[in-house]
Amino acid sequence: MIRIAVALSAGTLVGVGLWLAVGAVAGWQLLPDVARWRTLATRTRSVAAAFAGSAAAGVAAWLLTGWFAAGLLTALAVASLPKLLAGGRSRQGMIDKTEAIASWTESIRDTMAAASGLEEALVATAAAPPDPIADPVRRLAIRLRHQPLSESLVQLGDEIDHPSADMVVTALRIAAQMEAADLSSLLSRLATSIRGDATMRVRVEVSRAKLRTSAKIIVGAVGATLALLMLFNRSYLDAYDTVFGQFMLAVVGAIFAVGGWLMASMSTIELPDRFVPRRMDRP
């Protein structure tokens, strides 16, 4: 019995070893994407925590006021307000990422004058890359040690996930595979165009900041007024204790919710679809 178990174990190990060897030669992705699973687990935990927090806040508001509509509106507000308030950070992050791509493009252009080739220039830029794209650029330098340049650049575009980065990646792939002339001028024009896009986003953000501030003041004033009435003049709100009052409270809350959603959607600048080039592998 022991001999059979040992034989089966040895055969399994030999089969796994052969599978790993063939996969390594063929370039298969044998291991799961650990980073993707970690990201999914982090998102799941954040969603669960947000749901628990909003539910707890809704129940607390229901118990304090005796209004089911107030509990429902509070739960929706707790769930949606962090996203609305964090929208400015996400938009600023997108602007910073766009500017970082432009800076990295200029760094490649400047480094190529001192480097012996495109690969060497890309590795050199990984020494001090712009912060918003630092990790993808460093991983690119690591991949270049054992992967072809074109394949490494494609993975870089997928990691940055930005239309401007796709244009830079395409220019670099063309230069690597088809020996494009005057790459420095092309990179300069790309950097200028990308910086123009970032400047446009900054101007839009500045023009819309006053509108968002006014909306926050209105919502804060209404919330503060309601809280003060609940504390010092509860009888003024007795009309909301009826079924019709609960209905009207829900309607008012829905109007505020729709207004906040419209403001958030109008202040969002949609990125164009990613420019993913066709495969340029030579037959």
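Just so you know, we're using our numbering here: the sequence shown kicks off at 403 and counts up by one. Beta carbons: idealized from backbone N, C-alpha and C, even for Gly.
Return the CA-CA distance between residue i and residue j, expressed in angstroms with no decimal places.
| i | j | result |
| --- | --- | --- |
| residue 615 | residue 658 | 15 Å |
| residue 473 | residue 467 | 8 Å |
| residue 560 | residue 444 | 20 Å |
| residue 510 | residue 592 | 12 Å |
| residue 434 | residue 545 | Only weak support exists for where residue 434 lies, its pLDDT of 49 falling under 50; the coordinates are left without a value. |
| residue 446 | residue 519 | 44 Å |
| residue 458 | residue 481 | 11 Å |
| residue 644 | residue 650 | 10 Å |
| residue 541 | residue 524 | 11 Å |
| residue 609 | residue 660 | 22 Å |
| residue 496 | residue 569 | 17 Å |
| residue 516 | residue 623 | 60 Å |
| residue 557 | residue 612 | 40 Å |
| residue 619 | residue 498 | 28 Å |
| residue 475 | residue 653 | 10 Å |
| residue 635 | residue 492 | 40 Å |
| residue 555 | residue 543 | 10 Å |
| residue 580 | residue 607 | 40 Å |
| residue 594 | residue 465 | 58 Å |
| residue 449 | residue 456 | 11 Å |
| residue 584 | residue 667 | 42 Å |
| residue 628 | residue 460 | 16 Å |
| residue 527 | residue 508 | 10 Å |
| residue 617 | residue 665 | 9 Å |
| residue 586 | residue 553 | 22 Å |
| residue 529 | residue 571 | 19 Å |
| residue 637 | residue 451 | 36 Å |
| residue 621 | residue 655 | 11 Å |
DSSP state of residue i, grouped into three classes?
| i | result |
| --- | --- |
| residue 516 | coil |
| residue 528 | coil |
| residue 579 | helix |
| residue 469 | coil |
| residue 433 | Caution is warranted here: a pLDDT of 49 is assigned to residue 433, below 50, making its placement in the model unreliable, and no coordinate value can be reported. |
| residue 644 | coil |
| residue 498 | helix |
| residue 546 | coil |
| residue 584 | coil |
| residue 537 | helix |
| residue 560 | helix |
Below 8 Å on the Cβ atoms is my guess for residue i versus residue j; work out the distance and round it to an integer in Å.
| i | j | result |
| --- | --- | --- |
| residue 648 | residue 471 | 5 Å |
| residue 631 | residue 639 | 6 Å |
| residue 538 | residue 562 | 5 Å |
| residue 578 | residue 588 | With 8 Å as the limit, residue 578 and residue 588 do not qualify as a contact, their Cβ atoms being about 13 Å apart. |
Nearest CA to the CA of residue i: which residue from the options?
| i | options | result |
| --- | --- | --- |
| residue 599 | 450, 448, 456, 503 | 503 |
| residue 564 | 575, 535, 637 | 535 |
| residue 494 | 604, 645, 573 | 604 |
| residue 590 | 478, 513, 414, 497 | 513 |
| residue 548 | 527, 562, 521, 528 | 521 |
| residue 566 | 597, 585, 584, 553 | 597 |
| residue 663 | 478, 449, 622 | 478 |
| residue 532 | 505, 552, 543, 557 | 505 |
| residue 463 | 625, 528, 637, 601 | 625 |
| residue 641 | 595, 452, 527, 469 | 469 |
| residue 601 | 646, 621, 501 | 501 |
Tell me whether residue i counts as near the ligand PLP, meaning its Cβ is closer than 6 Å to at least one heavy atom of that ligand.
| i | result |
| --- | --- |
| residue 661 | Absence of the ligand PLP is noted for the structure shown, with no ligands found whatsoever. |
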